[in-house]
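If you read the protein sequences in the order shown, they are chains A and B. Our numbering numbers the first residue of the first sequence as 1 and each following residue consecutively. Our numbering numbers the first residue of the second sequence as 115 and each following residue consecutively.
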Amino acid sequence: AQSVTQPDIHITVSEGASLELRCNYSYGATPYLFWYVQSPGQGLQLLLKYFSGDTLVQGIKGFEAEFKRSQSSFNLRKPSVHWSDAAEYFCAVAPMEYGNKLVFGAGTILRVKS
Amino acid sequence: EPEVTQTPSHQVTQMGQEVILRCVPISNHLYFYWYRQILGQKVEFLVSFYNNEISEKSEIFDDQFSVERPDGSNFTLKIRSTKLEDSAMYFCASSGDTDTQYFGPGTRLTVL
């Protein structure tokens, strides 16, 4: 069965510091890969996605993620964190077919210290 | 930019009552989904819907749940007889030919 692991439940970084959120997946083939962000009381906003091609993908709000097939990982990065980035971040996978469900990780809560 | 909308934002109901959660997906999308997130837990898939029928459902989606696309714009989730454990945030999502799911803001369901 597909599964997604986000090993860090909470991460605290200082404003201006770099950020890396980890995501590992277990799946028989390379799936579609996504990162979503959820601010308190809000819905899920898509940050970026990987379908194929360049393994480094750029997203909104200055985020990027790198797909590493050999490690079954899709880590999210940002070079300089802003206080407004404090939120919960979810990694998700879906099979490479239309209309398939997303399987989510447990999420990582990001706190930003000023 | 088009977005998925959901109503109501918060629904409070008594155990055993029926609730209907409503969603308006993005207009040219073909695939529709419901997910739920119990407080403090991960987002879980409930059901997907395509071409006016369920394409996949999870084990959570038992006979108490049903989905419908009553017209060309709305997509609804009905829970026939709510239980305390149905209390959660329910998210609707839709996708088109890019296979990216876009989520609505959610409906918080509280069952008393």
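Glycine residues also receive a C-beta, built at the ideal position from the N, C-alpha and C atoms.
- V133 of chain B places its beta carbon less than 8 Å from that of T196 of chain B.
- For K49 of chain A, at least one C-beta of chain B is nearer than 8 Å to its own C-beta.
- In this structure V118 of chain B touches I140 of chain B by the C-beta definition: roughly 6 Å separates them, less than 8 Å.
- Residue pairing for A207 of chain B: DSSP places it in a beta bridge opposite B:Y147 and B:F217.
- Under a criterion of Cβ atoms nearer than 9 Å, the residues of chain B adjacent to A106 of chain A are, in order, Q155 and K156.
- Across the structure, V126 of chain B and P79 of chain A are spaced so that their CA atoms are roughly 42 Å apart.
- For I11 of chain A, the enclosing beta strand (DSSP E) has its first and last residue at H10 to S14.
- Residue-level contact by beta carbon fails for F189 of chain B and chain A, as no gap is shorter than 8 Å.
- Each of B:S162, B:Q120 and B:S123 was checked against the Cα of S209 of chain B, and the nearest Cα belongs to B:S162.
- Ranked by Cα distance from R22 of chain A, the options A:I9, A:P31, A:Y32 and A:S14 are led by A:I9.
- Straight-line measurement puts the Cα of Y89 of chain A at about 11 Å from the Cα of P40 of chain A.
- The three-state secondary structure of L226 of chain B, taken from DSSP, is coil.
- The closest CA to that of G16 of chain A, considering only A:F104, A:K101 and A:H82, is found on A:H82.
- Residues of chain B with a Cβ closer than 8 Å to the Cβ of K61 of chain A do not exist, since the nearest Cβ in that chain sits about 15 Å away.
- In this structure, the CA atom of A29 of chain A is about 9 Å from the CA atom of M96 of chain A.
- Rounded to whole angstroms, the separation of the alpha carbons of F74 of chain A and Q45 of chain A is 17 Å.
- Here DSSP, grouped into helix, strand and coil, assigns I193 of chain B to strand.
- Within chain B, the residues T214, Q215, Y216 and F217 have their CB atoms less than 9 Å from the CB of L46 of chain A, given in chain order.
- Not a single C-beta of chain B is nearer than 8 Å to the C-beta of L33 of chain A.
- With its beta carbon at least 8 Å from every one in chain A, E115 of chain B lies outside the interface.
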